[in-house]
Structure formats: C-alpha cells, structure tokens
Amino acid sequence: MKSSLLLLLFFVLQPWGMAQADGPNMFFSGTLVMPPCTISKGAKVEVDFGEDLGVNKIDGVNYTKTVDYTVDCDEDYVANQLAIVIETTSPTIFDPSAVATDKNGLGIKVMIGTQPVTFAQPIAVDDPTSPPVISVAPVKDPAITLEEGAFEAFMTLRTDYI
Numbered sequence: 005m006k007s008s009l010l011l012l013l014f015f016v017l018q019p020w021g022m023a024q025a026d027g028p029n030m031f032f033s034g035t036l037v038m039p040p041c042t043i044s045k046g047a048k049v050e051v052d053f054g055e056d057l058g059v060n061k062i063d064g065v066n067y068t069k070t071v072d073y074t075v076d077c078d079e080d081y082v083a084n085q086l087a088i089v090i091e092t093t094s095p096t097i098f099d100p101s102a103v104a105t106d107k108n109g110l111g112i113k114v115m116i117g118t119q120p121v122t123f124a125q126p127i128a129v130d131d132p133t134s135p136p137v138i139s140v141a142p143v144k145d146p147a148i149t150l151e152e153g154a155f156e157a158f159m160t161l162r163t164d165y166i
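Per our numbering, the very first residue in the sequence shown carries number 5; after that it's consecutive.
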C-alpha cells in the first residue's frame with residue numbers, strides 16, 4: 005500500500021515538475037537612461053536682433069548676437085559624454101549653416117565658437133557649466149534684394165549623450 009501511494013504521488017507530481025522545467029514563465033524588461041540634462045531649464049531661448057537692421061548691411065557678420073543659454077544637468081551627470089545638437093527643419097539653400105526665416109532671402113547663420121554649425125551634428129560639452137558659445141547673425145541670399153519688415157526663425161537646441 006505504501007509503495008502504491010508513493011508511486012501515485014510520483015506520477016501526480018511529475019507533470020508539475022516537468023512544467024517548471026520547460027522554461028521561464030516570467031519576463032523582466034526595462035530601459036536604462038542617463039540622467040537628463042535640459043537647455044535653459046526647458047524655457048524658450050530668444051535672440052532679439054532689434055528693429056534697426058540695415059538691409060544692405062546684413063552679411064552674416066554684422067549684427068552678430070551671442071545666444072544666452074545654459075545646460076542644466078542633475079548631479080548624476082556623466083562627464084565627457086554630453087553633447088548639444090542644433091537642429092532645424094528649414095536650413096537655407098544659400099548657406100548650409102543658416103536657418104531660413106519667414107522673410108524671403110533672409111537666414112540666421114549659426115556659429116559654434118568661430119565655426120559654422122553643421123545641423124544635427126553632436127557638439128561635445130566638456131563642462132555643462134561652461135557650454136560652447138553659440139552665436140547667430142542675419143545673412144542674406146546674394147541673389148535676392150531684401151525687403152523691410154519683421155522676421156522670425158526657429159531652431160531646436162537639445163542635449164544628447166555621445
């Protein structure tokens with residue numbers, strides 16, 4: 005009787021044990037991310053060229069302004085892995101480092117230090133408390149005579165890890 009009971013328990017418990025041996029029945033997943041950094045705490049960065057730009061003096065150098073922005077990272081920032089990226093959906097056809105404005109023939113030339121920017125190209129940030137200097141200046145298409153009036157242009161400045 006004891007051997008019958010043991011044999012019965014063996015056959016009853018064996019399929020349960022085999023089901024556990026078939027493979028895992030739990031799956032774990034997630035995404036690891038670097039600590040976030042933001043540009044100027046997420047606020048819009050504006051550059052005002054004023055109201056006295058001479059249409060015949062616009063050359064990509066005159067009226068140059070420095071973009072006032074900050075790179076803000078939390079305390080878990082990883083040194084030497086941060087970059088800024090400047091993007092636009094509307095580069096000019098006459099200058100690859102200029103953003104088109106809503107004024108025909110007028111663009112805003114973008115410089116990193118003394119070099120023209122290459123849009124969508126990561127620019128290393130060695131120290132977020134001292135980010136690369138970005139300057140901008142109006143530039144015109146030499147084939148077009150500019151007309152007077154207000155203008156606007158937009159670009160995106162974001163942080164990324166390299």
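Each residue gets a CB set at the ideal place from its N, CA and C atoms; glycine is no exception.
So what's residue i in DSSP terms, helix, strand or just coil?
| i | result |
| --- | --- |
| Lys192 | Shown here, the chain extends from 5 to 166; a query on residue 192 therefore has no answer. |
| Val114 | strand |
| Tyr67 | coil |
| Tyr73 | coil |
| Leu86 | strand |
| Glu55 | coil |
| Gly150 | Note that residue 150 is Leu in the sequence shown, not Gly. Three-state DSSP puts Leu150 in coil, outside helix and strand. |
| Pro95 | strand |
Shortest alpha-carbon distance to residue i belongs to which of the options?
| i | options | result |
| --- | --- | --- |
| Lys107 | Glu152, Glu79, Thr70, Glu91 | Glu152 |
| Asp164 | Glu91, Ile138, Asn60, Gly34 | Glu91 |
| Pro126 | Val103, Ile97, Thr160, Asp63 | Thr160 |
| Ala124 | Arg162, Tyr73, Asn60 | Arg162 |
| Pro120 | Glu55, Gly109, Ile138, Pro28 | Ile138 |
| Pro146 | Lys69, Ser134, Asp80, Asp63 | Asp63 |
Would you call the CB atoms of residue i and residue j closer than 8 angstroms?
| i | j | result |
| --- | --- | --- |
| Val71 | Lys113 | no |
| Thr118 | Asp76 | no |
| Ala99 | Val49 | Per the sequence shown, residue 99 should be read as Asp rather than Ala. Not in contact: Asp99 and Val49 (Cβ atoms no closer than 8 angstroms). |
In this structure, what does DSSP give as the bridge partners for residue i?
| i | result |
| --- | --- |
| Pro120 | Met115 |
| Pro136 | Pro136 pairs with nothing; no bridge assigned. |
Consider the C-beta atom of residue i and the heavy atoms of the ligand SAH; say whether any pair is separated by less than 7 angstroms.
| i | result |
| --- | --- |
| Pro142 | Here there are no bound small molecules, and the ligand SAH is not part of this structure. |
The stretch 117-134 touching the stretch 83-96, judged by at least three CB pairs closer than 8 angstroms: Yes, the stretch 117-134 is in contact with the stretch 83-96.
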